[in-house]
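Residue numbers (my numbering): 8 to 159. Where a beta carbon is used, it is the ideal one built from N, C-alpha and C, also for glycine.
Printed below as a string of structure tokens:
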């Protein structure tokens, strides 16, 4: 775990925060453990039916962390350059579009346009004084159908 002193985080290096919605993560993981998947994400180490909420969030965070400037537990990435912040957003969008994660989301949250996010994400531009909620665009499958949003 890395901790940052206020003097070490310049204001021009944004931090990226995950506010995990633990009830939703647990519901999602229970569904993921039931999904019959032929192709699992390569970053997923603990496979169904043995996934836990903790293993899932940790492994997802590790997959995204490779794009960041640092890490604090499994809730914050940074300090980041603007390029790293963009790469984090792109990585989350890519993960969100994964067929296994989408199948688990459909199983866990059957309503097409529900607001059951796994994490609400924020960007802190100035040492955590004020966070700005991130917004991810709606993604679509090949047939033009909207994908389930896992992150906000």
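To which residues of the same chain is residue 36 closer than 6 Å at the C-beta, ignoring the five residues directly before and after it? Shown here for residue 36: same chain residues with a beta carbon closer than 6 Å to its own, the five before and five after excluded, namely 58, 60, 63 in chain order.
Grab me the residues of residue 94's own chain with a C-beta within less than 7 Å of its C-beta, minus the 5 sequence neighbours each way, in chain order. 74
How should residue 76 be labelled, buried or exposed, when 16 other C-beta atoms within 10 angstroms of its C-beta is the threshold for buried? buried
For residue 156, count the other beta carbons within 10 Å of its own beta carbon; 16 or more makes it buried, fewer makes it exposed. Which is it? buried
Same chain, Cβ closer than 7 Å to residue 113, neighbours up to 5 away in sequence not counted: Same-chain partners within the cutoff: 155.
Beta carbon of residue 71, beta carbon of residue 98: below 7 Å? yes
Quick one: grab the DSSP three-state call for residue 61. Three-state result, residue 61: helix.
Following the continuous beta strand (DSSP E) through residue 141, name the residue where it begins and the one where it ends. Looking at the DSSP string, residue 141 is not in any beta strand (DSSP E), and its letter there is neither H nor E.
Residue 126 - containing alpha helix (DSSP H), residue span: From DSSP, residue 126 is part of no alpha helix (DSSP H) but of the beta strand (DSSP E) over 126-131.
Is the Cβ-Cβ distance between residue 32 and residue 111 less than 7 Å? no
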